[in-house]
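Counting from 1 along the sequence shown, just add 9 to a position and that's the residue number in this note's numbering.
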Amino acid sequence: PALQLGAMQHGEPLAAEDVIADISSLSWVNMLFSSLWPKAHVALTEFVHAELTPRLQEALPAPFNKVHFARFTLGAGRPELGPVEVMKHSESHVQVELDIKYFSDVDILLDAGAGGISFGIRQLSMAGRLCLALKPLVTRWPLVGGVHVFFANQPKVELKYRGLAEFPGLAQKVQGAVDDVIRQALVLPNIKSFKFSPDAQTVDLEDASQQPLGVLRVRVLRARNLAGANWQLGSNVERFTSDPFCAMRLGATSMKTSTVRGETSPEWPSDEPVACLLVYHHEQELELEVLNDNRGVFRPKLVNLLGRMPPTSVRTLLHRAEPVQGQDGQDVMLRRRVVLDTSSVNTAMLHINDPVNTGIPSELELSVEWLDLVSGAPTVSELTGKSARKPNGLVGLLLVELHG
10 PALQLGAMQH GEPLAAEDVI ADISSLSWVN MLFSSLWPKA HVALTEFVHA
60 ELTPRLQEAL PAPFNKVHFA RFTLGAGRPE LGPVEVMKHS ESHVQVELDI
110 KYFSDVDILL DAGAGGISFG IRQLSMAGRL CLALKPLVTR WPLVGGVHVF
160 FANQPKVELK YRGLAEFPGL AQKVQGAVDD VIRQALVLPN IKSFKFSPDA
210 QTVDLEDASQ QPLGVLRVRV LRARNLAGAN WQLGSNVERF TSDPFCAMRL
260 GATSMKTSTV RGETSPEWPS DEPVACLLVY HHEQELELEV LNDNRGVFRP
310 KLVNLLGRMP PTSVRTLLHR AEPVQGQDGQ DVMLRRRVVL DTSSVNTAML
360 HINDPVNTGI PSELELSVEW LDLVSGAPTV SELTGKSARK PNGLVGLLLV
410 ELHG
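Encoded structure:
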């Protein structure tokens with residue numbers, strides 16, 4: 010296979026200490042993994058019973074809250090790995106990142122545990138980017154003190170069911186429980202660590218765990234041409250309204266903005282709190298949805314989603330943002346305007362002349378700032394090639410890590 014060394018990743022500059030190697034083919038790794046897959050199948054079955062089953066029982070309503078897996082067979086499909094990137098972050102830290110894809114017909118049966126109710130999963134697919142951090146590197150065999158396994162972003166898992174048509178909403182509950190189990194086990198900042206070296210004095214996996222690189226500060230400024238979710242039959246159709254707020258997530262951190270009432274082109278208050286999101290990997294993605302606030306006893310929840318920003322990595326978000334000049338001539342926060350994806354909006358419940366139904370794009374404008382937390386981490390200028398002022402209003406940041 011071809012081997013290339015360079016200092017670029019996805020067309021973006023890396024930190025000065027990063028050295029990257031790209032391997033174009035992983036046929037030998039896929040062959041090895043195929044040999045190991047029967048053992049992995051057994052381990053996954055144990056994980057499903059020990060971790061996923063309790064989460065499903067918590068998430069599902071009666072009569073499904075005693076659900077359990079009566080049968081779990083993944084079928085003949087094998088995961089495919091690659092391409093791979095190997096990066097040297099320091100003398101004691103090498104990181105391997107590789108795409109993993111899985112698609113197979115499966116035979117999975119879930120028993121509700123009451124009334125003879127059961128349903129099945131007939132097809133399973135998964136795609137994500139798996140990261141293996143080899144650290145610390147030591148001078149004693151086996152040279153690698155430990156390996157830390159994680160996904161920078163939530164892997165995409167899709168399930169196709171049988172026997173769920175008569176239970177509306179249940180598929181979403183199952184999907185949400187599966188996503189939560191993966192997120193809380195393997196999506197940054199959550200990792201699985203395995204110790205290789207027997208020397209306890211040399212290797213401390215807690216000290217070598219993934220540390221945050223910085224803080225992404227995000228503030229939603231305004232939106233334009235959102236769907237008019239508050240329209241009702243017989244109401245005034247000259248002006249459509251919604252009660253929008255934004256929900257954002259990066260890794261395990263989630264935030265919500267305040268609600269702007271009665272607007273489809275809202276502007277959030279200038280004193281709106283800034284979301285401070287810990288970043289552990291520059292390819293972590295910011296997810297953001299614009300939602301309609303449905304609080305109220307008599308308001309039907311016909312349209313909740315008003316649009317979502319395509320998931321965007323921290324690196325890309327900073328790179329594509331533009332600095333805006335303040336009145337004093339100094340650069341202020343970087344700003345980014347995005348067109349929202351409205352393909353999942355319940356357009357059937359909107360007025361025929363609603364902007365979304367007439368093809369007018371919904372837009373969102375954000376301001377973003379980057380704050381370094383580690384020595385040697387790339388600055389905003391290094392990440393984006395643009396200058397921006399240092400963030401003000403942030404005196405200090407206290408990070409507290411709790412261990413059970």
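Note that CB positions come from ideal geometry on N, CA and C, so glycine has one too.
Taking all protein chains in view, the Cβ of R304 is surrounded by fewer than 16 other Cβ atoms within 10 Å, so the residue is classified as exposed. For the pair G223 and L343, the CB atoms are not nearer than the 8 Å cut-off.
By the neighbour-count criterion, in which 16 or more other beta carbons inside 10 Å mark a residue as buried, K75 falls on the exposed side. Here the region 151 to 160 does not lie against the region 113 to 121, with fewer than 3 beta-carbon pairs under 8 Å apart. In the DSSP annotation of this structure, the continuous segment of the alpha helix (DSSP H) that includes A49 starts and ends at S36 to F56.
In this chain, the beta strand (DSSP E) harbouring T82 covers H77 to T82. Bounds of the alpha helix (DSSP H) holding T325 are V323 to R329. Contact check for V187 and V153: beta-carbon distance about 31 Å, past the 8 Å limit, so the pair fails to qualify. Cβ contact annotation for R64 (same chain, cutoff 7 Å, sequence separation greater than five): A186, D189 and V190, in chain order.
Ranking V227, L83 and L146 by CA distance to the CA of W46 puts L83 first.
Comparing alpha carbon positions, the residue from V299, V288 and N313 closest to P275 is V299. In the structure shown, G155 adopts extended strand secondary structure according to DSSP, grouped into three states. By the CB criterion at 8 Å, D280 and G316 fall outside the cutoff.
Taking C-beta atoms as the reference points, L133 and S113 count as a pair closer than 8 Å. With respect to the 8 Å criterion, L295 and L326 are classified as neighbours on the basis of their beta carbons. For I126, the three-state secondary structure derived from DSSP is coil.
The DSSP-derived three-state label of T250 is coil. When the beta-carbon positions are compared, G237 and L359 come within less than 8 Å of each other. W240 counts as buried, since at least 16 other C-beta atoms from the protein chains shown sit within 10 angstroms of its C-beta.
Across the set T266, R270, S263 and K265, the C-alpha of R270 shows the shortest separation from the C-alpha of D252. Distance from the CA of L61 to the CA of S322, rounded to the nearest whole angstrom, comes to 28 Å. For R226, the enclosing beta strand (DSSP E) covers residues G223 to R233. Distance from the CA atom of S352 to the CA atom of C140, rounded to whole angstroms, is 31 Å. In this structure, the straight-line span from the alpha carbon of Q104 to that of W37 is close to 19 Å. Contiguous beta strand (DSSP E) elements confined to the region 79 to 120 occur at 89 to 99 and 102 to 120, taking only those with 3 or more residues. In the three-state scheme derived from DSSP, where H, G and I count as helix and E and B as strand, E60 is classed as helix. Of the other Cβ atoms in all chains shown, fewer than 16 fall within 10 Å of the Cβ of V333; this residue is therefore exposed. Close CB contacts of Y111 within its chain, under the 6 Å cut and outside five residues either way in sequence, are with P88 and M135 (chain order). L297 has its alpha-carbon roughly 35 Å from the corresponding atom of S127. Taking a cut-off of 8 Å on C-beta distances, the region 226 to 235 touches the region 366 to 375, as three or more cross pairs fall below it.
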